[in-house]
Amino acid sequence: MKATGFISLWTLVSLPCGPLANPAEREDVVKHAIKLHRGKGAVITQRKQWVLESCRKLSGLLRQKNVVLNKLKNAIRAVEKDAGLSDEEKLFQVHTFEIFQKELNESENSVFQAIHGLQRALQGDYKDVVNMKESSRQRLEALREAAIKEEMEYVELLAAEKHQVEALKNMQHQNKSLSMLDEILEDVRKAADRLEEEIEEHAFDDNKSVRGVNFEAVLRVEEDEANSKRNASKREVEDDLGLSMLIDSQNNQYILTKPRDSTIPRADHHFIKDIVTIGMLSLPCGWLCTTIGLPTMFGYIICGVLLGPSGLNSIKSIVQVETLGEFGVFFTLFLVGLEFSPERLRKVWKISLQGPCYMTVLMIAFGLLWGHLLQIRPTQSVFISTCLSLSSTPLVSRFLAGSVRGDKEGDIDYSSVLLGMLVMQDVQLGLFIAVMPTLIQAGVSTYSSIFKEILRILILIGQILFSLAAVFLLCLVLKTYLIGPYYRKLHTESKGNKEILILGITAFTFLMLTITELLDVSMELGCFLAGALISSQGHMVTEEIMCCIEPIRDFLAIIFFASIGLHVFPTFVIYELTVLLFLTLSVVIMKFVLAVLVLSLILPKTSQYIKWIVSAGLAQVSEFSFVLGSRARRAGIISREVYLLILSVTTLSLLLAPALWRAAIMKCVPRPERRSST
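Per mature numbering (1 follows the signal peptide of the UniProt record, and there is no 0), the sequence shown runs over residues -21 to -1, 1 to 657.
Structure (C-alpha cells):
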C-alpha cells in the first residue's frame, strides 16, 4: 500500500511538468501512469527509473524558478535606479514584474497543495462519508480561492495591457503635431479616465475580506439568440455591459444591480418583458373573471399562475416583479386610509384594537392545543397560528370599494370596524416579524432559558407599543400643524398640472412609510395613516386626490395580485386536494366562528348585526403569509411541506372569500346598500 501510494504521489507531481514536454514525452508519461495504476506491464526497475526521472524534472523546474526570481529581483532594482524613467513608468514596470513573480509562486504552491491533498486522501478512510465530504469541502474552498486569485491576476494584466496601449499612443502623439480637435479629444479622454476612477467602487476588493462573505462558483448565461451570427455583435456588447444572468450552485439566479461603469445607461430587458407580458395577459384573465361573476383580482392571480413556475415559466425577474407589486399594496392602503377618516377611526378604535388581539390569542391557543395533539413543536405551532390569524387587507378593501358608508343613528359602520381591525393586524404583522428571531432561537434553546425568552418577547412587545405611541403622536402633530398648509401649497402649485399634486402626495406617503419602518412598525401602517391624515382636510380634497391616485393603484395592484399567482402551484393542490380542502374549510370556519365570538363580546348591542359581515371579511388568510412563510422556511422554523401547505391554504381561502362575503352581504345588508357593496 505504501509503495502504491508513493508511486501515485509522484504520478500526480509529474503532471504539472507535462505542458513543458513535447507530445511524445507526454504520451509516454500517460502510458506509464496507466500501467502503474493497473499494476500491469511494468517491471520494478522501470518504475524506479520513471520515479527518479519525474523527481529530477521537478527539482530542475524548482531550481529554474529560483533563478528566474533572482533575475526578476535584479530587474526591479535596475528599474528603480533608472533615472531616465518617470515615476509612473517605474511603477508600471515594477508592477508587471511582480505579477510574473506571483504567477511563479502560485504555480509552485499548487504543486505542493496537490501533494498534500493526495496524502490526506491516502490516509483517509474511503468508507467514511463525513471525512470524504470534509475533504471535498476543503478542495472546493481551495479551488474558489485559486479562482479568485486568477481573476485578480487577469484583471491586473488587462490593466497593464491598457497602460501599454496608452503609453504607445502617447509616444505617437509626441512624435507628431496634434490638431486642435485632437487636443480637445485628448483632454476629454483624460477627464473621462479621471471620472471613471472617481466613481468606480471597488466593491469586490472592499467586501471579499468582510466577515460572513463566501466565495461561490457561478455560471454566466448569455441570452439565447435565434441567429447567432446576426446577433454576435449584440452579445459582445451585452457581455461588456454585464447584462447576462448569473446562476449559483443553489440554482439562485442573479441580475446586474449596479454596473462598474455608471456612465452608460442600462435597462433590465428581462424585467421589461415580464411587466409587458403580465399587462397583456391580465386583460383577458380579468375579463373572464368578470364574465363569470368573480372579482377581477382572481383573473390577475390566474395570470401569475399561467406565467409563473407552475405554468409557462416565462417570468425571469420574479423578485423584481414582487417588489414592484408591493407598491400596489402601499397605494391600496393609502386609498383605504383616504376613505377612512380619523373621526371614524376614533369611533371604533377600541374595537379595532381589542378584536385582532383577542382573535390572535385564541388562534395561538387553538394552534398549541392541536400542535400538542399532533406532536408539533410549539414554535412551529405558534408561527402557523399567527400566519393564519392574519386577513387580507387589499382583498377586503376591494370588497368595500364603492360601498355605502353612511351610519345609522347610534350604530357603527361595518366597513369602519372591518378596516380598523385589518389595520391593527398589519401592525401585528410588524410585531410578528420582530419576534421571529426569538422564535428561531426558541427552537434550539433549552427549557432553562425559557424565562429569558419570555422576557425578551415582553421587551419586544414594549418596544412595539412605544413605537406605536410615537407614530400616533407624530400623526397628531402633522395633522395639527403641517397637513393643511402642505396641501394648500400643493393645490396652488398644481393648478393646470396634476404632476405636482401626485408627486407631493406620493412623497408624503413614502415619508410616512419610511418613518414607520424606522420605528419597527409595518410600512403598510404608514401608508394607511398617510391617507387618513390627508382625508382630514375634507371630502373635496379626498375626491381630488383619489381621482389622481386610483389609476396608479389599479395598475400596481395588477402586478401585486399577479405576483401572488407566481407562488400558486396547481399541481400540488391537485395532488393533495382532499387534505387542502379540509384544512382550508377548517381554517375559514374557525376564523369565522372566533370572529363572531369576539365581536359578540366587544360590539354594542345596537350594532350586533354587523358581526356577521365583519366575520365574513376576516375569514380568509392574508397574502402576507407568503412573506412570513418564506422567512420562516429560510430560518428553519417550518419545513418545506408546511410552507407549501400554508401557501395552498392561503390561496384557497382567498378564492372562497368572495362567496362568503356575498352570502353575508345578502343576509345582513339592506337592499340599497347591498347593491353598491357587491
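All C-beta atoms in this analysis are idealised placements derived from N, C-alpha and C, irrespective of residue type, glycine included.
Among residues of its own chain, excluding the 5 on either side of residue i, which ones have a beta-carbon nearer than 6 Å to its beta-carbon?
i, result
"residue 661", "Since the first residue shown for the chain is -21 and the last is 657, residue 661 is missing from the structure and cannot be characterised."
"ILE537", "SER261, TYR279"
"ALA125", "none"
"ALA605", "Correcting the residue identity first, residue 605 is Phe in this sequence and not Ala. Hits under 6 Å: HIS546."
"LEU602", "Leu is not the amino acid found at residue 602; the sequence shown has Glu there. So the qualifying residues of the chain are SER371, ILE543."
"TYR466", "GLN516"
Kindly indicate which three-state DSSP category residue i falls into: helix, strand or coil?
i, result
"ASP392", "coil"
"GLN599", "coil"
"ARG42", "helix"
"VAL298", "helix"
"GLY608", "helix"
"ALA(-19)", "Bear in mind that a pLDDT of 41 at ALA(-19), under 50, signals an unreliable position, so the number given afterwards is only what the model happens to contain. Helix, per DSSP."
"VAL577", "helix"
"ARG641", "helix"
"ARG199", "strand"
"LEU461", "coil"
"GLN232", "strand"
"ILE355", "coil"
"ARG239", "coil"
"GLY505", "helix"
"VAL361", "helix"
"PRO288", "coil"
"residue 663", "Any question about residue 663 goes unanswered here, given that the chain covers just -21 to 657."
"SER618", "coil"
"LYS69", "helix"
"PRO335", "helix"
"ASP61", "coil"
"VAL90", "helix"
"LEU564", "helix"
"VAL456", "helix"
"LEU582", "coil"
"LEU83", "helix"
"GLU36", "This sequence places Lys at residue 36; Glu is not what is there. Three-state result, LYS36: helix."
"LYS27", "helix"
Within its chain, find whatever has a CB closer than 8 Å to the CB of residue i; leave out the 5 residues flanking it on each side and keep chain order.
i, result
"LYS69", "VAL58, GLU59, ASP61"
"ASP219", "Low confidence applies here, because ASP219 scores a pLDDT of 48, under 50, leaving its location unreliable; read the following figure in that light. Nothing listed; no residue qualifies."
"HIS74", "GLU135, ALA139"
"GLU77", "ILE55"
"VAL566", "LEU367, VAL600, VAL628, SER632"
"GLU82", "GLU132"
"LEU397", "VAL375, LEU379, ILE592, VAL593, GLY596, LEU597"
Excluding five sequence neighbours on each side, which residues of the same chain lie with their C-beta closer than 7 Å to the C-beta of residue i?
i, result
"PRO637", "LEU273, PRO274"
"ALA509", "PHE313, GLY316, PHE487, THR488, MET491"
"THR311", "PRO373, SER376, ARG532, ALA536"
"GLY346", "SER360, VAL361, ILE363, SER364"
"PRO335", "MET400, MET403, GLN404, GLN407"
"PHE378", "GLY596, TRP640"
"ARG199", "SER223, LEU225"
For residue i, count the other beta carbons within 10 Å of its own beta carbon; 16 or more makes it buried, fewer makes it exposed. Which is it?
i, result
"ILE462", "buried"
"SER207", "Its pLDDT being 46, under 50, SER207 is placed unreliably in this model, and the coordinates cannot settle the point."
"GLY278", "buried"
"ILE592", "buried"
"THR493", "exposed"
"THR269", "exposed"
"LYS36", "buried"
"ARG532", "buried"
"TRP29", "buried"
"ASP405", "buried"
"THR236", "exposed"
"CYS506", "buried"
"ASP66", "exposed"
"CYS264", "buried"
"THR557", "exposed"
"GLU195", "exposed"
"TYR393", "buried"
"ASP227", "exposed"
For the alpha helix (DSSP H) that contains residue i, what are its first and last residues?
i, result
"ARG377", "372 to 379"
"PHE551", "549 to 554"
"VAL520", "518 to 544"
"LEU490", "477 to 497"
Counting only C-beta atoms, is residue i closer than 8 Å to chain B at any point?
i, result
"SER114", "The structure shown contains no chain B; it holds only a single protein chain."
Which two residues bound the contiguous beta strand (DSSP E) that contains residue i?
i, result
"ASP227", "224 to 227"
The ligand ADP heavy atoms versus the CB of residue i: any closer than 7 Å?
i, result
"ARG245", "The model depicted lacks the ligand ADP and carries no ligand whatsoever."
Please list the segments of the alpha helix (DSSP H) lying wholly inside the segment 245 to 276, counting only runs of 4 or more residues, in order along the chain.
248 to 270
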